[in-house]
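In this note's numbering, the protein residues as written are 697 to 915. Don't be surprised by glycine CBs; every beta carbon is placed ideally from N, CA and C. Written below as structure tokens is the structure these notes are about.
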């Protein structure tokens, strides 16, 4: 069966010289990977569509004899010009996509997760200022979407000396939390604490390589 779906790109893994495995998030399948063939002549153009957190529409062919289904006919739903033209926002999407890839279980369909990811990506794209704390607020919201519903007392064992700041990020309206003054070093520390919190409740270690990139960019 073939169907058209909307996806969010998480990342890609090389499969062959002319094919990649595309790791995605969708309403229908949750986090799922698809095989994309035919990257010969169109490879460069297609790979520009597979940037982290890109919002695409594609055609998926389900195959009951294989867990790795084919995907093709990709269309970019939103250009995300506010992200792609900004080094800082691009780095944030790298972090968001890696966090989703490593924290969401394969084929797990979390109700409302896809819609929230799309909305938050479009919000990041539209923000003209105040995106430095975006990934911190996003991590707290991700915990809610994963069913952890963080509260101050629940976060305290992971927050350490940053408890008061994390509590503000949790309780302030999003517009105010995004503007909370924090240094790049402090943002990185808080991000690490929130990742540890999510990993604990997810019963699995989460090693985010792009956290180091965020630290360099926002230093």
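- Per DSSP, the continuous beta strand (DSSP E) segment holding residue 727 begins and ends at 726–732.
- In this structure, DSSP gives residue 757 an extended state, which the three-state scheme calls strand.
- Under the three-state reduction of DSSP output, residue 801 falls in the coil class, being neither helix nor strand.
- Sorting 777, 913 and 745 by C-alpha distance to the C-alpha of residue 732 places 745 at the top.
- Setting aside the 5 residues that flank it on each side, residue 856 has no residue in the same chain whose C-beta is closer than 6 angstroms to its C-beta.
- Straight across, the Cα-Cα distance linking residue 739 with residue 716 is about 10 angstroms.
- Burial state of residue 729 is buried, judged by a 10 Å Cβ sphere holding 16 or more other Cβ atoms.
- Three or more beta-carbon pairs drawn from the region 889–903 and the region 853–867 are found closer than 8 angstroms, and the two stretches are therefore classed as touching.
- Two segments are said to touch when three or more pairs of C-beta atoms, one from each, lie closer than 8 angstroms; by this definition the region 876–884 touches the region 906–915.
- In this structure, the CA atom of residue 753 is about 5 angstroms from the CA atom of residue 771.
- Boundaries of the alpha helix (DSSP H) around residue 898: 880–898.
- In the three-state reduction of the DSSP assignment, residue 746 falls in the coil class.
- Shown here, residue 768 sits in a strand according to DSSP, grouped into three states.
- Residue 773: not part of any alpha helix (DSSP H); DSSP gives it neither H nor E.
- Distance between residue 737 and residue 844, taken at the CA atoms: about 45 angstroms.
- A check of alpha carbon separations from residue 722 across 741, 735 and 767 identifies 767 as the nearest.
- Contact check for residue 829 and residue 865: beta-carbon distance about 7 angstroms, within the 8 angstroms limit, so the pair qualifies.
- Residues 747 and 786 of the same chain have their beta carbon placed closer than 8 angstroms to that of residue 780, with the five preceding and five following residues left out of the count.
- Residue 697 holds the alpha-carbon nearest to the alpha-carbon of residue 760 among 697, 848 and 907.
- Collapsing the DSSP output to three states places residue 819 in a helix.
- Residue 797 sits close to residue 707, with the two beta carbons spaced by under 8 angstroms.
- Distance from the Cα of residue 859 is smallest, within the candidate group 893, 842 and 811, for 893.
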